[in-house]
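Here's the structure we're looking at; comments come further down.
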Amino acid sequence: MAVETESNRRLRDSARTVRAGAAADPLGPIALIGAVALVALAISLGGSPLAFFHFPSFLMVVGGTFAVTCVSFSAGEVIRAHPTMVGALTTATPEPMDAARGMMTLADMVRRHGPLALQDQLPQFKSDPFLHRAMSLVVDAAPQDEIEAVMAADADASAQRMQRSASILRRAAEVAPAMGLIGTLIGLVQMLGSLDEPSKIGPAMALALLTTLYGALLANIVFGPLAAKIERNASAEAVLRQIYLIGAVSMARQENPRRLEILLNSVLPPWQQIRFFG
1 MAVETESNRR LRDSARTVRA GAAADPLGPI ALIGAVALVA LAISLGGSPL AFFHFPSFLM
61 VVGGTFAVTC VSFSAGEVIR AHPTMVGALT TATPEPMDAA RGMMTLADMV RRHGPLALQD
121 QLPQFKSDPF LHRAMSLVVD AAPQDEIEAV MAADADASAQ RMQRSASILR RAAEVAPAMG
181 LIGTLIGLVQ MLGSLDEPSK IGPAMALALL TTLYGALLAN IVFGPLAAKI ERNASAEAVL
241 RQIYLIGAVS MARQENPRRL EILLNSVLPP WQQIRFFG
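Everything in the sequence shown is counted per the UniProt record's numbering, starting at 1 for the first residue and increasing by one.
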């Protein structure tokens, strides 16, 4: 059995550190469930929960929001944005400082042993396609200009996808309350048509207001917070991709890692700047 060398162990550990950001984020689902639970609890304490459920009203708000959003965007864009929305809710982005430290270790090993030292570690980067592509280009000894061009185009495409997903959710957050208001107006018109039966006015009025409630809940508990989370993730991903790009170009040039440390610290906030060499 081959004995793992110290350099291989460090390389493996640094690869794990760089790609460690694809961890699950339990806080997002817990917060969403908690918000829904609080609303449900308030409803239960105030009266009959069944009085707040009316499937036609719910269908009108959800279906109407989806239909109107598809007018602003294509149905394909809305469907393709679904994985980004789920990922924003359930996946945590890596800490830039951890990614920078990992890139420093990789760069130090590449300077000592050459780009081929990364070859055995490439499978560990597959959880992050951007990082995997960058390291693959380094292993293939691609020119630095090619690495910059490919990675910059990749980063721009990723940023556009995330921004499009956030825009879709922002639009849905605008439309949902409007669809709720439309449903309420329809209910009020129907209620006014039965003024000759006073006993039906109260229940009809309550039913008419349900669509406004559904629209407000969807906009402020689901669509709005998810859009904000995607925008936050997009900003964090942009910093990470810049770290990966700077690191990959430095490795391709086989520069002194001390210079890479300076470059990485230029994109990190002051409280996350690294001191790799003490």
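For glycine and all other residues, C-beta sits at the position ideal for the given N, C-alpha and C. Here the structure is a predicted model, which is why all the values come from computation and not from measurement.
Take residue i as the anchor and find which of the options has the nearest alpha-carbon.
i, options, result
"L264", "A100, A81, V39", "A100"
"I182", "F53, F52, V61", "V61"
"A51", "A149, I33, G202", "G202"
"N233", "V150, H82, M162", "M162"
"A88", "G215, S72, S235, D196", "S235"
"T84", "T184, R258, R164, G187", "R164"
"M215", "E174, P49, L106", "According to the sequence displayed, residue 215 carries Gly and not Met. Answer by Cα proximity: E174."
"A204", "L217, L118, L185, G247", "L185"
"T65", "G76, A178, L45", "A178"
"T212", "A176, S44, L118", "A176"
Taking the continuous alpha helix (DSSP H) assigned at residue i, which residues delimit it?
i, result
"N218", "One point to set straight first is that residue 218 is Leu, not Asn, in the sequence displayed. Element bounds for L218: n/a, residue is neither H nor E."
"T84", "82–90"
"I246", "224–253"
"P94", "From DSSP, P94 is part of no alpha helix (DSSP H); its letter is neither H nor E."
"S167", "144–192"
"H132", "129–139"
"L263", "257–267"
"P115", "Where P115 is concerned, there is no enclosing alpha helix (DSSP H), given that its DSSP letter is neither H nor E."
"S74", "Counting along the chain, S74 falls outside any alpha helix (DSSP H), and DSSP gives it neither H nor E."
"A37", "27–46"
Check the C-beta distance from residue i over to residue j and give it rounded, since I have them as a contact under 8 Å.
i, j, result
"E237", "S158", "7 Å"
"L169", "A92", "Contact doesn't hold; Cβ gap of about 19 Å is too wide."
"L245", "M104", "About 15 Å; that fails the 8 Å criterion."
"G28", "K229", "7 Å"
Please report the distance separating the alpha-carbon of residue i from that of residue j.
i, j, result
"A153", "E231", "19 Å"
"R133", "A219", "37 Å"
"A166", "V68", "16 Å"
"residue 279", "A35", "Because the chain is modelled from 1 through 278, residue 279 falls outside the range shown and cannot be assessed."
"A172", "V78", "10 Å"
"D140", "P115", "8 Å"
"G21", "V189", "Any reading at G21 is ruled out, since the residue's pLDDT is 48, under 50, leaving its predicted position unreliable."
"W271", "P257", "21 Å"
"A248", "V138", "6 Å"
"L41", "D108", "56 Å"
"K126", "G102", "16 Å"
"M191", "A155", "54 Å"
"V110", "L118", "7 Å"
"L268", "M97", "7 Å"
"A142", "I262", "23 Å"
"E4", "H113", "Residue placement at E4 is flagged as unreliable, the pLDDT there being 49, under the threshold of 50; the coordinate-derived value follows with that caveat. So the alpha carbons of these two residues sit roughly 15 Å apart."
"L32", "S44", "18 Å"
"N49", "L217", "The question names Asn, but residue 49 is Pro in the sequence shown. The alpha-carbon atoms of P49 and L217 are separated by roughly 16 Å."
"T90", "I30", "10 Å"
Next on the checklist: Count Cβ pairs between the segment 205–220 and the segment 56–66 that sit closer than 8 Å; are there 3 or more?
Outcome noted: Judged by Cβ distances under 8 Å, the segment 205–220 makes contact with the segment 56–66, as three or more pairs qualify.
Next on the checklist: Within 8 Å, do at least three Cβ pairs link the segment 240–248 to the segment 120–136?
Outcome noted: Short answer: they touch.
Checklist entry - Should the segment 267–277 be called in touch with the segment 133–142, which here means at least 3 C-beta pairs below 8 Å? => result The segment 267–277, when compared against the segment 133–142, does not touch it at the 8 Å Cβ threshold.
Checklist entry - Would the segment 244–253 and the segment 138–153 be scored as touching if the rule is three or more Cβ pairs under 8 Å? => result Remark: three or more beta-carbon pairs, one from each stretch, lie closer than 8 Å, so the segment 244–253 and the segment 138–153 are flagged as touching.
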